[in-house]
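Heads up: the structure comes next, in structure tokens.
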């Protein structure tokens, strides 16, 4: 088995494989072709627009004339200090290796090729026991649990009943540069500190993570954001069903009962029927989603792997040894150092020459 970067010959091999493999990769084929087209132009694009190209990494596991698996990775911020495993597909069974070893080799090679990544992220179905076990073997730990809810389709304006007005002081605003600080405050309040440190996101990174049509529910009087509905950009399947993320402030506000209804009513275009991700929903939010005809469709686990911590531990051991050498004679159990003799003061009547 050989792990290598995607090239045009791999697409031809995938097309020649049995239909199940082609069905798995059919939604990805357009983006894979664009990725191959941009690979030759990437040095020029990076020099001209360094922040416009995310420079994804696509690896394949090949055995003879068969592509066994695909792995798609991309940076989670512009500094490329955090990367994420976006997709992994097993297309065929190996004749000599078990499936777990094929996936393990593919993921290990992906993390090895990315230089300077301090952390890695991966979202995985909570029911995928084999995938969770594999990520734990590679050093990943679970940081966050999310629930997925199916939103009811938006009825046409002519048939849907009008919503009650927004509570006084609340306003719906698009997530753009002018409202980015408010969104950042909301995101930080809903995100654990350990996860914020690993994601290493700045303001421009937060804006990149908000697709077109993302909105904020803002309290104008206090200048705080109570909730946000953002569209998660899917660069691998842009034509697929939309995935939304609903963020709410940790302190539940009674005004959210009407505000969230407005927020979901004006969801982004193309997301009339979509799946919304809710991270660690509280009891009030769960009951609100249930009352508004939303149905739970699954759970996800956000797994994270930190590289910086391991490097710091590796450097801490030599430093400790050097300190032990410096203070070795002062440790208990060692031969005590002799105390220098202090000259006695001269007795009375003694002549000093």
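In our numbering, the protein residues as written are 1 to 353. Even for Gly, the Cβ is constructed at its ideal location relative to N, Cα and C.
For residue i, report the span of its beta strand (DSSP E) as first-last.
{"i": "residue 84", "result": "82-90"}
{"i": "residue 173", "result": "170-174"}
{"i": "residue 145", "result": "141-150"}
{"i": "residue 200", "result": "Looking at the DSSP string, residue 200 is not in any beta strand (DSSP E), and its letter there is neither H nor E."}
{"i": "residue 163", "result": "It is not in any beta strand (DSSP E) - residue 163 carries neither H nor E in the DSSP assignment."}
{"i": "residue 67", "result": "66-75"}
{"i": "residue 248", "result": "243-248"}
Helix, strand or coil for residue i, going by three-state DSSP, please let me know.
{"i": "residue 93", "result": "coil"}
{"i": "residue 32", "result": "helix"}
{"i": "residue 215", "result": "strand"}
{"i": "residue 265", "result": "helix"}
{"i": "residue 125", "result": "strand"}
{"i": "residue 10", "result": "helix"}
{"i": "residue 298", "result": "strand"}
{"i": "residue 120", "result": "strand"}
{"i": "residue 177", "result": "helix"}
{"i": "residue 286", "result": "helix"}
{"i": "residue 293", "result": "coil"}
{"i": "residue 5", "result": "strand"}
{"i": "residue 279", "result": "strand"}
Starting from residue i, trace the alpha helix (DSSP H) in both directions and tell me its first and last residue.
{"i": "residue 56", "result": "Taken as a continuous stretch (DSSP letters only), residue 56 belongs to no alpha helix (DSSP H), as it is neither H nor E."}
{"i": "residue 110", "result": "99-113"}
{"i": "residue 129", "result": "129-137"}
{"i": "residue 234", "result": "Segment: none, residue 234 is in no alpha helix (DSSP H) and carries neither H nor E."}
Just the Cα atoms here: how many angstroms apart are residue i and residue j?
{"i": "residue 211", "j": "residue 103", "result": "31 Å"}
{"i": "residue 17", "j": "residue 10", "result": "11 Å"}
{"i": "residue 143", "j": "residue 229", "result": "22 Å"}
{"i": "residue 248", "j": "residue 167", "result": "17 Å"}
{"i": "residue 169", "j": "residue 147", "result": "30 Å"}
{"i": "residue 294", "j": "residue 246", "result": "13 Å"}
{"i": "residue 72", "j": "residue 83", "result": "11 Å"}
{"i": "residue 59", "j": "residue 164", "result": "51 Å"}
{"i": "residue 179", "j": "residue 265", "result": "20 Å"}
{"i": "residue 204", "j": "residue 95", "result": "46 Å"}
{"i": "residue 106", "j": "residue 3", "result": "6 Å"}
{"i": "residue 6", "j": "residue 91", "result": "14 Å"}
{"i": "residue 190", "j": "residue 132", "result": "24 Å"}
{"i": "residue 118", "j": "residue 162", "result": "49 Å"}
{"i": "residue 115", "j": "residue 88", "result": "20 Å"}
{"i": "residue 152", "j": "residue 274", "result": "8 Å"}
{"i": "residue 218", "j": "residue 113", "result": "42 Å"}
{"i": "residue 25", "j": "residue 197", "result": "34 Å"}
{"i": "residue 128", "j": "residue 111", "result": "21 Å"}
Residue i: which of the options sits nearest, CA to CA?
{"i": "residue 85", "options": "95, 74, 94", "result": "74"}
{"i": "residue 171", "options": "213, 32, 262, 93", "result": "262"}
{"i": "residue 93", "options": "175, 67, 230", "result": "67"}
{"i": "residue 200", "options": "79, 62, 7, 147", "result": "79"}
{"i": "residue 257", "options": "290, 303, 150", "result": "290"}
{"i": "residue 303", "options": "121, 34, 219", "result": "121"}
{"i": "residue 108", "options": "70, 128, 175", "result": "70"}
{"i": "residue 242", "options": "222, 254, 214, 221", "result": "214"}
{"i": "residue 234", "options": "39, 8, 56", "result": "56"}
{"i": "residue 65", "options": "13, 173, 31, 28", "result": "13"}
For my contact list, residue i and residue j are in at a C-beta cut-off of 8 Å; report their separation, rounded to the angstrom.
{"i": "residue 149", "j": "residue 301", "result": "Wrong, their Cβ atoms sit about 16 Å apart, outside the cutoff."}
{"i": "residue 225", "j": "residue 183", "result": "6 Å"}
{"i": "residue 216", "j": "residue 232", "result": "No, residue 216 and residue 232 are not in contact; Cβ-Cβ is about 16 Å, not under 8 Å."}
Hey, does residue i have any beta-carbon neighbour from chain D nearer than 7 Å?
{"i": "residue 34", "result": "Any reference to chain D falls outside this structure, which holds one protein chain only."}
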